[in-house]
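A quick write-up on the structure given underneath.
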Amino acid sequence: MTSMAQSGAKGHIVHMPHPSELDLAGYNHFSGPIPKSLRNCTSLFRVRLEWNQLTGNISEDFGLYPNLNYMDLSHNDLYGELTWKWRGFHNLTSLKLSNNNITGEIPSELGKATGLQVIDLSSNLLKGTIPKELGS
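Numbering (the numbering used here), first residue to last: 256 to 391.
Structural data, given as structure tokens:
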């Protein structure tokens, strides 16, 4: 596990070895892009990067994480669109992406994450309707 939650740390996240849990949440001052090395961490099951100043394209900078069950990237400066690849998160129970600059529509593929119990996409630049697949 890699954790620096609420440590007040600041700077850039340069490189992440292959953690299974990543917790850099809570009023740290990490800024800059999401490290490209995070894209290949297929063992990740929990990611908490909320309340930082991280930047990057959410559709390009994140990979497929088959074991992921919790992701909170809220309150950063992430942009881009949610894409079809989010359907690969079969174990995902909580997805929090609020207060970013995410655009486009909510993909119906999110409804294929059958364990999803919490989803927060508020305060982004999304358009369109909520897919019916998320309500079933």
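C-beta: ideal position from N, C-alpha, C; glycine also.
- With 16 or more neighbouring CB atoms inside 10 Å of its own CB, PRO362 falls in the buried class.
- Around the beta carbon of SER329, 16 or more other beta carbons sit within 10 angstroms, so the residue counts as buried.
- Listed in chain order, the non-local C-beta contacts of ILE385 below 8 Å within the same chain comprise ILE361, local neighbours out to five positions each way being set aside.
- Here ASP375 is bridged, per DSSP, to LYS351.
- Excluding residues up to 5 positions away in sequence, ILE313, LEU333, TYR334, GLY335, GLU336, LEU337, LEU376, ASN379, LEU380 and LEU381 lie with their Cβ nearer than 8 Å to the Cβ of ILE357 in the same chain.
- Membership of GLU360 in the beta strand (DSSP E) is indicated by the continuous run 356–360.
- Between SER292 and SER275, the gap from beta carbon to beta carbon reaches 8 Å or more.
- Here LEU328 carries a coil assignment [DSSP, helix/strand/coil].
- The C-alpha of LYS351 is placed about 17 Å away from the C-alpha of GLY343.
- GLY311 counts as buried, since at least 16 other C-beta atoms from the protein chains shown sit within 10 angstroms of its C-beta.
- Under DSSP, GLU276 forms a beta bridge with ARG301.
- Here the C-alpha atom of GLY359 lies approximately 15 Å from the C-alpha atom of LYS340.
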